[in-house]
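Heads up: the structure comes next, in structure tokens.
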Amino acid sequence: AIPMFKNKTIEPGIERFFTNQLIKEFARSKVATISSKALAPVVLEGTVEKLEFKHGGQISGSPDDTSNNLPTGAVLTTEYRIYVTVRLKLIRQSDKKVLWQSDFLGERVYAAPQIGLPVVNSANPLYNHSARHENIKLIAIDLMADAHDRLTENF
């Protein structure tokens, strides 16, 4: 059984990306059958432990450089980096013994919303939200493929 992952981050809903992706990995490989928790001899529990967003490159407006069309003193972030930590535990139902446990760390970089025209003075906040979620989904694909491979190689 693979119940919905827990989410210890402030980003709501991202646990479903990781849960669904891990279920897809097992369905694709057919190494094990996913069943309900009541019928399963083991449960694979997951927790999204940590999610961090850090800004990457930045450009600044200065009176000497007018090529970027930024006002003097303005700073524009050009990319963001996302870090995710997920913990998985395989627990035997009969005695609640942890049979296997591992942490998975993922990272991706995405372009920040860009201000491309001198007359435009704001960026689209929906782009940033969508880009965050899209990149978290991509991290989920990578991490859960790795988790599946590590788990099934040991058994």
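Heads up: the sequence shown runs through residues 2 to 156, numbered per the working numbering.
Every residue gets a Cβ at the ideal spot worked out from N, C-alpha and C, and that includes glycine.
Assigned with DSSP and collapsed to three states, Ile24 falls in helix.
Look at Thr34 here: in three-state DSSP terms it is coil, with no helix or strand label.
DSSP places Thr86 within a strand segment (E or B) once states are collapsed to three.
If you compare the alpha carbons of Lys97, Gly107, Met5 with that of Tyr84, the shortest gap goes to Gly107. Assignment of Ala112 by DSSP, reduced to helix, strand and coil, places it in the strand class. Take Arg109, set aside five residues on each side of it, and the residues of its chain with a beta-carbon closer than 7 Å to its own are Ile83, Asn136, Leu139, Ile140, in chain order. Counting every other CB atom within 10 Å of its CB across the protein chains shown gives Met5 a total below 16, marking it as exposed.
The C-alpha of Gly47 lies about 33 Å from the C-alpha of Thr79.
With three or more CB-CB distances shorter than 8 Å, the segment 2–22 counts as touching the segment 40–57. Residue pairing for Asp104: DSSP places it in a beta bridge opposite Arg88. Residue state for Lys138 is assigned as helix, using DSSP reduced to three classes. Here Ile35 is exposed, its C-beta having fewer than 16 other C-beta atoms within 10 Å.
According to the DSSP assignment, Thr10 belongs to no beta strand (DSSP E), since it is labelled neither H nor E. About 17 Å separates the CB atoms of Leu52 and Ala148; that is not less than 8 Å, and the two are not in contact.
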